[in-house]
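Contents: one structure, followed by commentary.
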Amino acid sequence: GKKLNFTIENGKIHNVSLGQGQEVVAERALETAALQGHWVILQVGGDGGTALRQPDTRGHGDTAVPAAGLGAGCPRLPSPCTRSHKGLLGHHLSVFLNRGAAERGLHSFNCQLSFLPLQDTLEMSTKEIEFKCILFALCYFHAVVAERRKFGAQGWNRPYPFNNGDLTISINVLYNYLEANPTVPWDDLRYLFGEIMYGGHITDDWDRRLCRTYLSEYVQPEMLDGEVYLAPGFLIPPSLDYKGYHQYIDENLPPESPYLYGLHPNAEIGFLTLTSDQLFRTVLEMQPKESDAAGGSGVSREEKVQSVLEEILEKLPEPFNMMEIMAKAEEKTPFVVVAFQECERMNILTQEIRRSLKELDLGLKGELTITADMEELANALFYDSIPESWMRYAYPSLLSLGAWYADLLLRIRELEVWTTDFVLPATVWLAGFFNPQSFLTAIMQSMARKNEWPLDKMCLTVDVTKKYREEITAPPREGSFVHGLFMEGARWDVPSGAIADARLKELMPAMPVIFIRAIPVDRLDTKNTYECPVYKTRMRGPTYVWTFNLKTKEKAAKWVLAGVALLLQS
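Quick note on UniProt numbering: the sequence shown kicks off at 1 and runs consecutively.
As structure tokens, this is what we get:
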């Protein structure tokens, strides 16, 4: 702004913090700015400014812009960006599922180029071809990492506040390093962009790997020969001027799709489905609670809650008798210890379920005063969601209450079978554990004891079989068969024994049985493998369990960009 003589002090920037009574001030600022070619910053926080009318994009020459919500728009938006970003404030206030917002996507890429001070930036380096080439890739990289957030956990494990400041600083770093070195320091640039400028925001190791992979794919020596594709069908262009780059983007950038980010189209289907579920659940929870006939079924709210409560209590098994179970175990092997721990945690959870339901039952009968905790439990039973008080003792899950309870009963049944004689099942349901890491560690501990190997020098090796659970009749001599895993972002191709592209609308295909065994670290074969993270749920992030090395016939980078992971819950 200062460069172009736009400051708050000289009145050419109007800074309005939206809130109660500020709509008039904001509209007046917009009208003034539209007439005189000024800039407007509307600071949108919470519900502020929801009554503001749609900003008008008419204006004064090249500097006229729609109002930009703070941190949402480009600081300078000439005509290409204005066309693609009509009403940035409108995007802030629209319902999330509005397809218009989703379809903006990488077509805001023009905005990233518009952010640059026109032709001056493109010509400021003595290594003009190298500078332009890397700058173009950097702008595309910035647009990708910022827009990838819309795909939820498959995009980034955690959301990060990437902003135009990151791009500005990276451009300065690029210029300084090109001027200071006789040749392009590719490794240095990738490290600075990926680990410091953008990596400074990133707190998750898998997200850091994703950021590094983007840069290794986009910023490489081959780009100078025009041989690097930023997306399918979208080559890095030759050396052009400012208008030439905009024209190249308009003519060559493919239509918005997950492919532009390295993702499969299923990523969009999955995330929009999840968002829709959350939206409909929120709408359901906003319905009046004191309805005589919930959902028009003729059953009152209290009657429905009472019915669900009785059904859960009726099916809830008795707690595990820990003294009996311990007496059965002749030797405390690592697997037996895991079984003890799982039974103890299951007892804590089922005891809380039984206690809270009996307390609510007395409350509904008028024998106890209804407390806030009891009210929350009743609401959860009514809306078919897992009560918060149970989740404190349970395992991460995105299921509805009915599906979660059926899953819980299956877990209890698995433990009952296992603790009958402590013989490891032919194939173990890995998702059935509160703590799957403890079982995987037990595989290493058993092998370490058997062969007298140091535990800290061991790791797990993974072989995906061609069989499914029903076909496995006996456990392996060492290690364990496990089942119940699903792949997101790709699929496992059984004939070729490698990761393959997902089929459309198959969001989380089941994996065959996996054979896991422990070996010394120095024997691990990582050639032609993809380091695949395993998570408990599709929310990823804190539900991380382990890393499985899976065979691949394509570059591992493809699966990194596609956000491929194994999940313990579909």
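Quick reminder that beta carbons are idealized off the backbone N, C-alpha and C, glycines included.
If you follow the alpha helix (DSSP H) that residue i is part of, which residue opens it and which one closes it?
| i | result |
| --- | --- |
| GLN306 | 301-315 |
| THR529 | Taken as a continuous stretch (DSSP letters only), THR529 belongs to no alpha helix (DSSP H), being part of the beta strand (DSSP E) at 529-535. |
| ALA26 | 23-36 |
| residue 584 | Nothing about residue 584 can be read from this structure; the chain reaches only from 1 to 570. |
| LEU561 | 556-561 |
| MET286 | No alpha helix (DSSP H) contains MET286, which DSSP labels as neither H nor E. |
| GLU330 | No alpha helix (DSSP H) contains GLU330, which DSSP labels as neither H nor E. |
The beta strand (DSSP E) with residue i in it runs from where to where?
| i | result |
| --- | --- |
| HIS483 | 480-483 |
| GLN43 | 39-43 |
| LEU550 | 544-551 |
| VAL16 | 13-17 |
| TYR565 | In the sequence on display, residue 565 carries Ala and not Tyr. Element bounds for ALA565: 565-567. |
On the criterion of 16 or more Cβ atoms from any shown chain inside 10 Å, does residue i qualify as buried, or is it exposed?
| i | result |
| --- | --- |
| ASN5 | exposed |
| PHE280 | exposed |
| GLN154 | buried |
| ARG540 | buried |
| MET447 | buried |
| ALA327 | exposed |
| ILE129 | exposed |
| SER170 | buried |
| GLN287 | exposed |
| THR50 | Note that THR50 scores 44 on pLDDT, short of 50, meaning its location in the model is unreliable; the coordinates nonetheless yield the value given after this. Result: exposed. |
| GLU217 | buried |
| ALA406 | exposed |
| ALA474 | exposed |
| GLY244 | exposed |
| GLN569 | buried |
| PRO477 | It is Arg, not Pro, that sits at residue 477 in the sequence shown. So ARG477 counts as exposed. |
| THR7 | exposed |
| VAL423 | exposed |
| LEU88 | Note that LEU88 scores a pLDDT of 34, beneath 50, so its modelled location is shaky; the value from the coordinates is reported in the next line. Result: buried. |
| ALA293 | Residue placement at ALA293 cannot be trusted, given a pLDDT of 48 that sits under 50; the coordinates are not used to answer. |
Is the distance from the Cβ of residue i to the Cβ of residue j below 8 Å?
| i | j | result |
| --- | --- | --- |
| LEU401 | ASP384 | yes |
| LYS457 | PRO520 | yes |
| ALA502 | GLY489 | yes |
| GLN445 | LEU455 | yes |
| TRP559 | ILE499 | yes |
| VAL283 | TYR214 | no |
| THR273 | ALA339 | no |
| LEU174 | ILE134 | yes |
| MET346 | ILE412 | yes |
| GLY479 | ARG517 | yes |
| PRO258 | GLU268 | yes |
| VAL24 | VAL40 | no |
| TRP492 | VAL464 | yes |
| residue 571 | ALA146 | Because the chain spans 1 through 570 in this model, residue 571 falls outside it and cannot be assessed. |
Would residue i count as contacting chain C if we go by Cβ distances under 8 Å?
| i | result |
| --- | --- |
| ALA380 | Within the model displayed, chain C is absent; a lone protein chain is all it includes. |
At 4 residues or longer, and completely inside the UniProt domain "Dynein heavy chain AAA lid" (131-267): list those alpha helix (DSSP H) runs for me, N to C.
164-180, 186-191, 205-218, 242-252
Three Cβ pairs or more, each shorter than 8 Å: is that satisfied between the segment 308-324 and the segment 178-193?
no
For the segment 432-517, list the alpha helix (DSSP H) runs that are entirely contained and at least 4 residues long, ordered along the chain.
436-451
Answer yes if the segment 472-491 comes into contact with the segment 429-438, meaning at least three C-beta pairs across the two stretches below 8 Å, and no otherwise.
Note that the segment 429-438 touches the segment 472-491; at least 3 beta-carbon pairs, one per stretch, sit closer than 8 Å.
Decide yes or no for the touch test of the segment 521-536 against the segment 237-254: beta carbon pairs closer than 8 Å, at least 3 of them.
no
Three or more C-beta pairs below 8 Å linking the segment 384-396 and the segment 343-353:
yes
Can we say the segment 268-283 touches the segment 317-332, given the rule of at least three CB pairs closer than 8 Å?
no
State whether the segment 538-557 contacts the segment 149-166, with contact taken as three or more CB pairs (one from each stretch) at a distance under 8 Å.
yes
Inside the segment 336-392 only - beta strand (DSSP E) runs reaching at least 3 residues:
none
Can you find at least 3 beta carbon pairs, one from the segment 329-349 and one from the segment 432-442, that sit closer than 8 Å?
yes
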